[in-house]
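Structure first, then comments.
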Amino acid sequence: MKIQHPQTWPETAEEAIPIQEQLKSLVVTTDQLESIQYVAGVDVGFLDNYTISQAAVAVLSFPDLQLQEQAISQRQTTFPYIPGFLSFREVPVILEALEKLTIIPDIIICDGQGIAHPQRFGLACHLGVLIDLPTIGAAKSRFIGTHQELAAEKGSWKPLIDGGEVIGAVVRSRTHVKPLYVSPGHRISLETAINLVLQCTSKYRLPETTRWADYLASKSD
DNA sequence: GCGACAG
DNA sequence: ATCTTGTCGC
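Numbering of the first sequence is given in this note's numbering, commencing with residue 1280 and proceeding in unit increments.
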């Protein structure tokens, strides 16, 4: 797929702040999506002592979840890990991997937060706004927000709250297993995001899309 | 000032 | 994120 890359990428939090502030106004958290035929998962791994970032994208058919296409890309790591600025470290290389796809996914599930972020602009929002496609943030751990205890059964969920507003949901993707932190990235509502993530999760805690991307991004050859 | 802190 | 084997529990 054709991608419009930003001219330059910031290398410090100070440079990233104004970009974050400008782009967050473009985030849409209402459903603005087509019928879903293809769901993609993206993830980033590191090589050579973190100096090289490697992104992987896995496109699965929906709702049968069969791998249809995959793409890998590597790039020099140009931004440090700073909580609140993860997207500036991972989105650049993700864009390069997406560019190699022949199938344009209808929605992308990201390994990280969507609006469940201090500035309401997590990785999934940043990626979604840049490529103007629906995205969901499905993180393995909490970043910000509080929530009530949730039932142990698969499918149960509780809203994630921060500053008095609902920023996402804590979702039990498998019975008796650590929950997932789901939040809208772009062009999708929280309710639709929760249902989509659950529909993409079968036998394991993580969505099949994320499992494929994780696996591909962590390979050394 | 003291913790917390996506990947 | 990543280094790493077997092992305990639902």
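The beta-carbon is built from N, C-alpha and C at its ideal position, and this holds for glycine as well.
Nothing here was measured: the structure is a model prediction, and the numbers come from that model.
| Asked | Found |
| --- | --- |
| Are G1447 and C1404 close, meaning C-beta to C-beta below 8 angstroms? | no |
| Is the number of C-beta pairs between the region 1379–1391 and the region 1347–1358 that are closer than 8 angstroms three or more? | yes |
| Classify T1356: buried if its beta carbon has 16 or more other beta carbons within 10 angstroms, exposed otherwise. | buried |
| Which partner residues does S1352 have in the DSSP bridge list? | A1334 |
| Could you say which of A1334, V1445, H1396 lies nearest to I1361 if we only look at CA atoms? | H1396 |
| With burial defined as no fewer than 16 other Cβ atoms inside 10 Å of the residue's Cβ, what is the status of D1327: buried or exposed? | exposed |
| Do you know how far the Cα of V1372 is from the Cα of I1509? | Because the chain spans 1280 through 1500 in this model, residue 1509 falls outside it and cannot be assessed. |
| Among F1400, Q1299, K1303, which residue has its Cα nearest to the Cα of I1257? | Only positions 1280 to 1500 of the chain appear in the structure, and residue 1257 is not among them; the question remains open. |
| Could you pull out every residue in the same chain whose Cβ sits closer than 8 angstroms to the Cβ of L1475, ignoring the five residues on either side in sequence? | I1315, V1318, I1386, I1388, I1415, I1467 |
| Count the other CB atoms within 10 Å of the CB of L1495; is the residue buried (16 or more) or exposed (fewer)? | buried |
| Alpha carbons only, please: which of G1320, V1336, G1393 is nearest the one belonging to K1303? | G1393 |
| Does the distance from the CB of P1486 to the CB of G1363 come in under 8 angstroms? | no |
| Bridge partners of I1388, per DSSP? | G1320, I1415 |
| As a quick exercise: from Y1329, D1390, L1374, pick the residue whose alpha carbon is nearest that of R1421. | D1390 |
| Please identify the residue among D1322, L1409, T1471 whose C-alpha is closest to the C-alpha of A1334. | D1322 |
| Do you know offhand how far V1408's Cα is from V1306's? | 6 angstroms |
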